[in-house]
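Throughout the sequence shown, residue numbering follows the numbering used here, covering 19 to 146 in sequence.
Ideal Cβ placement from N, Cα and C applies to all residues, glycine included.
Data block below; observations after.
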Amino acid sequence: MLTSGVGIREGVFLSDLLRSTKDRFPLNFNTSIRVMLDRHIQNRPFSNQISKVAKTLFDQTHIALGISSEHRKELAIAAKIYTIGSSVHFYSQHSHNYELVKDMLEFGFSHKEIMVVATLVKYGGKKM
C-alpha cells in the first residue's frame with residue numbers, strides 16, 4: 019500500500035499526474051529539492067550556474083584531492099540550494115541554510131547524505 023505523506027488530496031493529484039509513468043517521478047526529479055527550489059531560491063539561473071561551476075571544479079580536482087566521485091551529487095545539490103537561507107534572513111543565511119536543508123531534504127536521501135549536504139551548504143562561502 020502506498021500512502022501520501024502530505025494528505026489525500028495531494029496523493030490523488032500525484033496519482034493522476036503520474037498515471038502515465040506508473041506512479042514514478044522522472045529519474046532526475048526529486049520532490050525535496052524541487053520544494054526547496056520553489057519555496058526558497060529566488061534566483062534560479064544563479065543557482066544553476068553555481069551548481070554547474072561546482073561540478074566542473076569537482077571533476078577537475080577530486081582525484082588530486084583524494085575525494086570519492088560519489089560525493090559529486092551531494093556537492094551539486096548543495097551548490098544548487100546554497101542560498102536557501104537568505105529567504106529567511108540574509109545576514110544569518112548560513113545557519114538557516116543548515117536547518118532548512120536538514121529539515122526539508124528527505125525524499126531519496128540517507129541520513130548521511132542529508133547531513134553532508136546540510137554541512138556543505140552551512141559552510142559554503144565561509145573561510146574555514
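Under the rule that 16 or more other beta-carbon atoms within 10 Å means buried, what is Ile102, buried or exposed? The residue labelled residue 102 in the question sits at position 84 within the sequence shown. Buried is the call here.
In the DSSP assignment, the alpha helix (DSSP H) including Pro63 goes from what residue to what residue? As a first step, residue 63 must be located in the sequence shown, where it is residue number 45. That run of the alpha helix (DSSP H) goes 62-83.
On the three-pair Cβ rule with 8 Å, is the segment 118-136 touching the segment 46-64? yes
Can Leu75 be considered in contact with the ligand ADP, in the sense that its beta carbon sits closer than 6 Å to one or more heavy atoms? The model depicted lacks the ligand ADP and carries no ligand whatsoever.
Between the alpha carbons of Ile81 and His89, how many angstroms are there, rounded? For the purposes of this step, residue 81 is identified with residue 63 of the sequence shown, where counting begins at 1. For the purposes of this step, residue 89 is identified with residue 71 of the sequence shown, where counting begins at 1. When rounded, the distance between both Cα atoms is 12 Å.
Taking the continuous alpha helix (DSSP H) assigned at Thr39, which residues delimit it? Locating residue 39 in the sequence shown gives position 21, where the first residue counts as 1. Here Thr39 belongs to no alpha helix (DSSP H), and DSSP marks it neither H nor E.
Three-state secondary structure assigned by DSSP to Phe31: Counted from its first residue, the sequence shown places residue 31 at position 13. In the structure shown, Phe31 sits in a helix (DSSP, three-state: H, G or I).
Counted within 10 angstroms of its Cβ, other Cβ atoms place Asn61 as buried (16 or more) or exposed: Position 43 of the sequence shown, counted from the start, is the residue given in the question as residue 61. Label assigned to Asn61: exposed.
Three-state secondary structure assigned by DSSP to Glu88: In the sequence shown, the residue the question calls residue 88 occupies position 70. Note: Glu88 maps to helix in three-state DSSP.
Is the distance from the Cβ of Leu93 to the Cβ of Ala72 below 7 Å? Against the sequence shown, residue 93 aligns to sequence position 75. Against the sequence shown, residue 72 aligns to sequence position 54. Against a cut-off of 7 Å, the Cβ pair of Ala72 and Leu93 comes out as a contact.
Alpha-carbon to alpha-carbon, Ile95 and Val30: Within the sequence shown, the letter at position 12 stands for residue 30. Within the sequence shown, the letter at position 77 stands for residue 95. Answer to the nearest angstrom: the Cα atoms are 29 Å apart.
Contacts around Ser33, its chain only, beta-carbon distance under 7 Å, and the 5 residues preceding and following it disregarded: Within the sequence shown, the letter at position 15 stands for residue 33. If we look at Ser33 and ignore the five residues flanking it on each side, its Cβ neighbours are Asp41.
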